[in-house]
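Trainee: What follows is a single structure, and I will ask about it in a moment.
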Amino acid sequence: MGRDILRVAADSTPGVVVVTVDNPPHQLVDAVFFGALVRLLDRLDADRGVRAVVWESADPDFFLMHGDVAALTRVPAGERPAPERPNVAAAALDRLRRARYVTVGALDGAARGGGAEFLTALDLRYGTARSVIGWPEVALGILPGSGATARLPHVLGRARTLDILLTGRDVRAEEAYALGWLQDVVEAGELAGRVRAVARRIAAMPPASVAAVKQVVEVAGRDPGAALLAETRALDALMGAGAHLAPMAAFLAAGGQTREAEADPERWASVLDAVVRAGADIRAGADGGGTGAVSAPDPATAAGPAPDGGPAPAGA
26 MGRDILRVAA DSTPGVVVVT VDNPPHQLVD AVFFGALVRL LDRLDADRGV RAVVWESADP
86 DFFLMHGDVA ALTRVPAGER PAPERPNVAA AALDRLRRAR YVTVGALDGA ARGGGAEFLT
146 ALDLRYGTAR SVIGWPEVAL GILPGSGATA RLPHVLGRAR TLDILLTGRD VRAEEAYALG
206 WLQDVVEAGE LAGRVRAVAR RIAAMPPASV AAVKQVVEVA GRDPGAALLA ETRALDALMG
266 AGAHLAPMAA FLAAGGQTRE AEADPERWAS VLDAVVRAGA DIRAGADGGG TGAVSAPDPA
326 TAAGPAPDGG PAPAGA
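Once you know that position 136 of the sequence shown is 161 in my numbering, the rest is easy, because the numbers rise by one and skip nothing.
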């Protein structure tokens, strides 16, 4: 029997469901997580009594760490048909975003890469002073592959999105709140009560009205569906070219994907710095006629029409 990594509990208020994410030892956004998520979404979507879903974490340090970088290094490079649809991870998070019920996230700790993308797909997010989000994918030779490039511009705007994604820097609670990514920052001891109170209030509203508001708000913004496919194709092309192999190896060698390094902001910064330096050294060698570097494909070309192909793996 598989691990119960998404534990579901009914709240005291009818229509409110609380989901606790528990994917030890590193709380990764991996294939096991997405398999469990798709199965849970099937259940939630089929239950017309569900009106609000609260998402919490069992891990004291990470809501979700990020994607499984070690697994991504095992994805072989090489030419492949361009995908004709978003990858499984991006599609699952888009399904979560489009759900008729409201989704509310509680962030007390770090969520980077796929973890931050998961939270971005939720309707509402609340945090504490310990909240940290970030997207390290560019430093790792890929791009966020589960919806960040499609969704963040609608939350943060173009320039802020580029700033955060291209630098790979951490965004802490105060800035996340100022940018509108977090709806509020509360004391750690108050977070669980706050997200439940929000969920209960919304669950008390007429469900048809709630669903209609979500639909109209969605239509009011640009539909990110095309952007999701472009993102998937760009990610697939980057990984097909092997652009991720050297920086991801440097990431793991520097201590990435360990609790010790990723729970400490200073050590995390040093890990990313090591990855950036390694990438610069590789590119410098390539410019000087050396070998071992991989040139990244043009994302615009990668996103264009292409033969039929399967979904790419999700990003980190």
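Note that beta-carbon positions come from the ideal geometry of N, C-alpha and C, so glycine has one too.
Pull up the distance between the alpha-carbon of Asp29 and that of Leu62, whole angstroms please.
Mentor: The alpha-carbon atoms of Asp29 and Leu62 are separated by roughly 11 Å.
Trainee: As a quick exercise: from Glu81, Gly265, Ala141, Arg225, pick the residue whose alpha carbon is nearest that of Thr38.
Mentor: Nearest C-alpha to Thr38: Arg225.
Trainee: Determine the closest residue to Trp293 out of Ala252, Gly159, Ala201, with distance taken between C-alpha atoms.
Mentor: Comparing Cα-Cα distances from Trp293 to each of Ala252, Gly159, Ala201, the minimum goes to Gly159.
Trainee: So, are the CB atoms of Ala83 and Asp133 less than 7 Å apart?
Mentor: Cβ distance not < 7 Å, so Ala83 and Asp133 don't count as in contact.
Trainee: Threshold first: 3 residues or longer. Then list the beta strand (DSSP E) segments lying entirely within the region 153-211, N to C.
Mentor: Runs found: 157-159.
Trainee: What does Gly130 pair with, by DSSP beta-bridge criteria?
Mentor: Note: Gly130 sits in a beta bridge opposite Trp80, Arg150.
Trainee: Is it the case that the Cβ atoms of Val41 and Val33 are separated by a distance below 7 Å?
Mentor: Their beta carbons are not under 7 Å apart, which means Val41 does not touch Val33 by this criterion.
Trainee: Assuming Gly170 and Val54 form a contact by the criterion Cβ under 8 Å, report the distance between their Cβ atoms to the nearest whole angstrom.
Mentor: Between Val54 and Gly170 the Cβ distance is about 11 Å, and since that is not below 8 Å, they are no contact.
Trainee: Once DSSP output is grouped into helix, strand and coil, what is the label at Val46?
Mentor: Strand, per DSSP.
Trainee: Grouping DSSP H, G and I as helix and E and B as strand, with all else coil, what is Arg122?
Mentor: The answer is helix: DSSP assigns Arg122 an H, G or I state.
Trainee: Quickly, what does DSSP pair Gly92 with across the bridge? List them, please.
Mentor: Gly92 is bridged to Val54.
Trainee: Give me the DSSP bridge partner(s) of Arg137.
Mentor: According to DSSP, which records beta bridges pairwise, Arg137 is partnered with Gly159.
Trainee: For Ala274, collect the residues of the same chain with a Cβ closer than 7 Å to its Cβ; drop the 5 residues on either side in sequence, then sort them by chain order.
Mentor: Result list for Ala274: Thr98, in chain order.
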